[in-house]
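J.: One structure coming up, written as structure tokens, with questions to follow.
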Amino acid sequence: MKKRILAAALAAVMLSVSATGCSQNSNTASGNAAAGASGAASAASGDTIKIGGLAPLTGSVSVYGIATNNGIKLAVDEANKSGGVLGQQIEYISYDEKGDATEAVNAYNKLVQNDQVIALVGDVTSTPTLAVAQAAAKDGLPMITATATAAGVTATGENIFRACVIDPFQGELMASYSAKKLGAKTAAILYNMADDYSLGVAEAYKQAAASVGIHIVAEEKYQTNDVDFKSQLTSIKSKNPDVVFIPVYYQDVALIAVQAKQLGITSKLMGVDGWDGVLDKIDKSNVSALDGTYYCSQYTAESTDQKVQDFIKNYKAAYNAEPNMFAVLGYDAMNMMIESIKTAGSTDSDAIIKAMAGLKFKGLTGDITFDSDRNPVKTCAIITIKDGAYKFVEYYNK
Numbered sequence: 006m007k008k009r010i011l012a013a014a015l016a017a018v019m020l021s022v023s024a025t026g027c028s029q030n031s032n033t034a035s036g037n038a039a040a041g042a043s044g045a046a047s048a049a050s051g052d053t054i055k056i057g058g059l060a061p062l063t064g065s066v067s068v069y070g071i072a073t074n075n076g077i078k079l080a081v082d083e084a085n086k087s088g089g090v091l092g093q094q095i096e097y098i099s100y101d102e103k104g105d106a107t108e109a110v111n112a113y114n115k116l117v118q119n120d121q122v123i124a125l126v127g128d129v130t131s132t133p134t135l136a137v138a139q140a141a142a143k144d145g146l147p148m149i150t151a152t153a154t155a156a157g158v159t160a161t162g163e164n165i166f167r168a169c170v171i172d173p174f175q176g177e178l179m180a181s182y183s184a185k186k187l188g189a190k191t192a193a194i195l196y197n198m199a200d201d202y203s204l205g206v207a208e209a210y211k212q213a214a215a216s217v218g219i220h221i222v223a224e225e226k227y228q229t230n231d232v233d234f235k236s237q238l239t240s241i242k243s244k245n246p247d248v249v250f251i252p253v254y255y256q257d258v259a260l261i262a263v264q265a266k267q268l269g270i271t272s273k274l275m276g277v278d279g280w281d282g283v284l285d286k287i288d289k290s291n292v293s294a295l296d297g298t299y300y301c302s303q304y305t306a307e308s309t310d311q312k313v314q315d316f317i318k319n320y321k322a323a324y325n326a327e328p329n330m331f332a333v334l335g336y337d338a339m340n341m342m343i344e345s346i347k348t349a350g351s352t353d354s355d356a357i358i359k360a361m362a363g364l365k366f367k368g369l370t371g372d373i374t375f376d377s378d379r380n381p382v383k384t385c386a387i388i389t390i391k392d393g394a395y396k397f398v399e400y401y402n403k
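Rendered as structure tokens:
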């Protein structure tokens with residue numbers, strides 16, 4: 006890959022850390038066979054096009070990482086069965102970064118220095134992705150994250166892309182939906198002040214609320230690992246807002262929704278794509294606490310698109326599980342990288358980056374192009390939860 010020596014040197018100087026502390030979840034065909042492969046079968050070293058991956062496969066956000074990684078592997082498997090890319094099979098080399106930024110950078114260094122990948126599909130959540138993006142920007146490595154939504158990710162370099170919509174867009178979208186579709190005049194916000202994702206979406210919602218005629222009557226915060234939200238919810242209840250916007254991850258939503266119901270809060274609860282997977286987390290005896298809630302997503306299993314339905318069938322067959330939004334975005338992200346390599350006609354970094362910038366891609370999450378900041382231009386699906394099931398409401402664009 007172009008800039009390979011520079012990539013290794015810069016990464017080493019930047020961190021001066023060992024890359025061996027990261028758990029490995031797939032391996033190169035030569036030298037790492039004992040570690041266990043993940044993804045498509047590998048050909049001999051030098052006969053494959055190596056694409057790296059990073060995802061939290063263990064830890065508190067593993068539900069996102071596993072699904073994203075599964076979607077990526079499915080895209081690789083399908084591409085290889087169709088002849089690969091540029092006449093070669095794709096070798097997907099992925100590592101578990103446990104949702105930790107340091108682990109992620111260590112694993113990135115290993116992918117670049119040891120495995121010599123020509124591109125990266127990753128990371129998954131925003132904080133590790135921001136750390137990795139800074140390294141990839143210095144190396145000039147083509148990188149696309151399937152699911153990291155923090156606005157600053159693509160700002161790190163012209164080689165950094167994403168397949169998902171960004172945090173500010175989600176906050177603005179849900180403020181618009183609150184007012185225009187749900188008729189909200191007042192809103193409360195409850196968010197994790199220690200999480201970049203939650204903080205960014207909350208701020209965007211707050212700023213957009215005024216422009217659509219919504220008055221923010223309460224703004225409550227909490228810290229990562231908090232499990233008791235009754236104080237914040239009691240304060241919110243006293244203001245009786247029309248909606249409560251909760252831009253946090255699914256595990257916290259499961260707790261917050263139950264406690265809100267216990268306190269008798271009748272305001273509509275609303276969220277963003279971090280809610281995806283909440284029905285897998287909440288105890289079935291409490292699932293009614295989520296009835297009538299709304300969140301935005303980039304995927305619905307109720308789509309009539311045959312490609313979506315084929316993906317669902319193939320995903321179930323491969324993993325014996327229902328795909329969520331993260332699986333779909335992983336699938337789209339890898340296919341966008343594959344298409345860019347094909348268009349470039351080589352594995353040269355600059356050629357791949359140029360091809361991706363001009364990409365017009367029809368994916369499972371819609372027709373996708375990139376804006377000047379390398380963020381995707383597309384609509385979002387509004388999902389509600391009823392009787393313990395996700396229900397598609399409509400596609401919506403602010």
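Once you know that position 246 of the sequence shown is 251 in the numbering used here, the rest is easy, because the numbers rise by one and skip nothing. Ideal Cβ positions, reconstructed from N, Cα and C, are used throughout, including at glycine.
(1) Beta-carbon within less than 6 angstroms of D378's beta-carbon, same chain only, minus the 5 sequence neighbours each way: which residues are those?
(2) Considering only their Cβ atoms, is the gap separating Y255 from D296 smaller than 8 angstroms?
(3) Which residue spans inside the region 93 to 139 form an unbroken alpha helix (DSSP H) run of at least 4?
(4) Could you check the C-alpha separation between V122 and G279 for me, to the nearest Å?
(5) Within a Cβ cutoff of 8 angstroms, which residues of the same chain sit near L364, ignoring the five residues on either side of it in sequence?
(6) Short check: CB of V249 to CB of M275, under 8 angstroms?
(7) For A423, which of L268, D231 and N75 has the nearest alpha-carbon?
(8) Using only CA atoms, which one of G335, L334 and K318 lies nearest to E327?
(9) Using DSSP with H/G/I as helix, E/B as strand and the rest coil, what is S296?
(10) Exposed or buried, what is K242 when buried is set at 16 or more other beta-carbons lying within 10 Å of its beta-carbon?
(11) Give me, in chain order, the residues of the same chain whose beta-carbon lies closer than 8 angstroms to that of N285; leave out the 5 immediate sequence neighbours on both sides.
(12) State the CB to CB distance for the pair L79 and A323, rounded to an integer number of angstroms; the pair is presumed to be in contact (CB under 8 angstroms).
(13) Pull the bridge partners of R167 from the DSSP assignment, please.
(14) What's the C-alpha gap between A109 and G176?
(15) Any chance you could list the alpha helix (DSSP H) runs of at least 4 consecutive residues sitting entirely within the region 242 to 283, in chain order?
(16) Can you give me the start and stop residues for the beta strand (DSSP E) that G368 sits inside?
(17) Tell me, which residues are paired with P381 by DSSP?
(18) Assuming Q93 and T150 make a contact with CB atoms under 8 angstroms, what is their CB distance in whole Å?
(19) Given S240, which residues of its chain have a CB within under 7 angstroms of its CB, disregarding the five upstream and five downstream residues?
(20) Could you pull the start and end residues of the alpha helix (DSSP H) that G58 belongs to?
(21) Mapping DSSP to helix, strand and coil, what is Y304?
(22) For T271, count neighbouring Cβ atoms within 10 angstroms of its own Cβ and tell me buried if that reaches 16, exposed if not.
(23) Determine the DSSP secondary structure at A386, reduced to helix, strand or coil.
(24) By the 10 Å Cβ neighbour count, where 16 or more other Cβ atoms means buried, how is A207 classified, buried or exposed?
(25) If you drop the 5 nearest sequence neighbours on each side, which residues of the same chain put their C-beta closer than 6 angstroms to that of E163?
(26) Under the three-state reduction of DSSP, which class applies to T191: helix, strand or coil?
(27) List the residues that DSSP assigns as beta-bridge partners of V90.
(28) When the Cα atoms are used, what is the spatial distance from V263 to V66?
(29) Determine whether the Cβ of A155 lies closer than 8 angstroms to any Cβ atom of chain B.
(30) D257: buried (16+ other C-beta within 10 angstroms of its C-beta) or exposed?
(31) Would you say C385 and S290 are within 8 angstroms of each other, going by their C-beta atoms?
(32) Can you list, in chain order, the residues of its chain whose CB lies under 8 angstroms from that of A193, leaving out five sequence neighbours each side?
(33) Judging by CA-CA distance, which residue of G157, T229, V129 and T152 is the nearest neighbour of A142?
(34) Just to confirm my understanding: we take N380, look at its own chain, exclude 5 residues before and 5 after, and list those with CB closer than 7 angstroms. What are they?
(35) Could you round the C-beta distance between E399 and I390 to whole angstroms and report it? I think they count as a contact, below 8 angstroms.
(36) T130 to K103, Cα distance in whole Å?
T.: Considering the structure as presented:
(1) Counted from its first residue, the sequence shown places residue 378 at position 373. Counting only residues of its own chain and dropping the five nearest sequence neighbours on each side, D378 has a CB closer than 6 angstroms to the CB of T159.
(2) Your numbering for residue 296 matches position 291 in the sequence shown. Your numbering for residue 255 matches position 250 in the sequence shown. No.
(3) Listed in chain order, they are 106 to 115.
(4) Translated into the one-based positions of the sequence shown, residue 122 becomes position 117. Translated into the one-based positions of the sequence shown, residue 279 becomes position 274. When rounded, the distance between both Cα atoms is 29 angstroms.
(5) To locate residue 364, count along the sequence shown from 1; it is residue 359. So the qualifying residues of the chain are M341, E344, S345, T348, I373, T374 and F375.
(6) As a position in the sequence shown, residue 249 is number 244, starting the count at 1. As a position in the sequence shown, residue 275 is number 270, starting the count at 1. Taking 8 angstroms as the Cβ cut-off, V249 and M275 qualify as a contacting pair.
(7) Residue 423 lies beyond the stretch modelled for the chain, which goes from 6 to 403, so this question has no answer here.
(8) Position 322 of the sequence shown, counted from the first residue, corresponds to residue 327. Of G335, L334 and K318, the residue nearest in Cα terms is K318.
(9) Along the sequence shown, one-based indexing puts residue 296 at 291. Inspection of the sequence shows that residue 296 is occupied by Asp rather than by Ser. In the structure shown, D296 falls within a coil segment according to DSSP collapsed to helix, strand and coil.
(10) In the sequence shown, the residue the question calls residue 242 occupies position 237. Under this definition K242 is a buried residue.
(11) Mapped onto the sequence shown, residue 285 falls at position 280. For the record, residue 285 in the displayed sequence is Asp; it is not Asn. Same-chain partners within the cutoff: V68 and Y255.
(12) Taking the sequence shown and counting its residues from 1, the one referred to as residue 79 is at position 74. Taking the sequence shown and counting its residues from 1, the one referred to as residue 323 is at position 318. Correct: roughly 6 angstroms between the Cβ atoms.
(13) Residue 167 sits at position 162 when you count from the first residue of the sequence shown. Its beta-bridge partners are T150.
(14) Here residue 109 refers to the residue found at position 104 when the sequence shown is read from its first residue. Here residue 176 refers to the residue found at position 171 when the sequence shown is read from its first residue. Rounded to whole angstroms, A109 to G176 spans 27 angstroms at the Cα level.
(15) Counting only runs that start and end inside the region 242 to 283, the alpha helix (DSSP H) elements of at least 4 residues fall at 255 to 267.
(16) As a working note, residue 368 is residue 363 in the sequence shown. From DSSP, the beta strand (DSSP E) with G368 extends over F366 to G368.
(17) Your numbering for residue 381 matches position 376 in the sequence shown. According to the DSSP secondary-structure assignment, P381 is paired through a beta bridge with F375.
(18) Here the question's residue 93 lines up with position 88 in the sequence shown. Here the question's residue 150 lines up with position 145 in the sequence shown. Going by Cβ atoms, the distance from Q93 to T150 rounds to 24 angstroms, so no, they are not a contact pair.
(19) As a working mapping, residue 240 is identified with position 235 in the sequence shown. Answer for S240: A223 and E225, listed in chain order.
(20) Sequence index remark: in the sequence shown, residue 58 carries index 53 (1-based). Premise fails: G58 lies in the beta strand (DSSP E), T53 to A60, not in any alpha helix (DSSP H).
(21) Here residue 304 refers to the residue found at position 299 when the sequence shown is read from its first residue. Of the three classes helix, strand and coil, the one that applies to Y304 here is coil, per DSSP.
(22) Counted from its first residue, the sequence shown places residue 271 at position 266. Around the beta carbon of T271, fewer than 16 other beta carbons lie within 10 angstroms, which makes this residue exposed.
(23) Counting from one through the sequence shown, the residue named residue 386 turns up at place 381. Correct three-state label for A386: strand.
(24) Looking up residue 207 in the sequence shown gives position 202. A207 sits buried, since 16 or more C-beta atoms from the chains shown fall within 10 Å of its C-beta.
(25) For the purposes of this step, residue 163 is identified with residue 158 of the sequence shown, where counting begins at 1. Answer for E163: no residue qualifies.
(26) By one-based count along the sequence shown, residue 191 stands at place 186. DSSP places T191 within a strand segment (E or B) once states are collapsed to three.
(27) Translated into the one-based positions of the sequence shown, residue 90 becomes position 85. Beta-bridge analysis with DSSP links V90 to Q93.
(28) By 1-based counting over the sequence shown, the position of residue 263 is 258. By 1-based counting over the sequence shown, the position of residue 66 is 61. Each residue's CA atom was taken as its position, placing V263 and V66 some 20 angstroms apart.
(29) Chain labels in this structure do not include chain B; a single protein chain is all it has.
(30) What you label residue 257 is simply residue 252 of the sequence shown in a count that begins at 1. D257 is buried by the Cβ-count criterion.
(31) Residue numbering aside, residue 385 sits at position 380 when the sequence shown is read from its first letter. Residue numbering aside, residue 290 sits at position 285 when the sequence shown is read from its first letter. No, the Cβ-Cβ distance between C385 and S290 is not below 8 angstroms.
(32) Numbered from 1 along the sequence shown, position 188 holds the residue referred to as residue 193. Counting only Cβ-Cβ distances below 8 angstroms, and skipping sequence neighbours, we find I221, V222, A223, E224, E225, I241, K244, P246, V248, V249, F250 and S272.
(33) By 1-based counting over the sequence shown, the position of residue 142 is 137. Relative to A142, the option among G157, T229, V129 and T152 whose CA is nearest is G157.
(34) On the sequence shown, position 375 is the one that residue 380 refers to. If the five residues before and after N380 are omitted, its C-beta is found closer than 7 angstroms to the C-beta atoms of T159, R167 and I171, all from its own chain and listed in chain order.
(35) Taking the first residue of the sequence shown as 1, we reach residue 399 at position 394. Taking the first residue of the sequence shown as 1, we reach residue 390 at position 385. So it is not a contact: roughly 15 angstroms between Cβ atoms.
(36) Here residue 130 corresponds to residue number 125 of the sequence shown, with the count starting at 1. Here residue 103 corresponds to residue number 98 of the sequence shown, with the count starting at 1. Near 10 angstroms, if we compare the C-alpha coordinates of K103 and T130.
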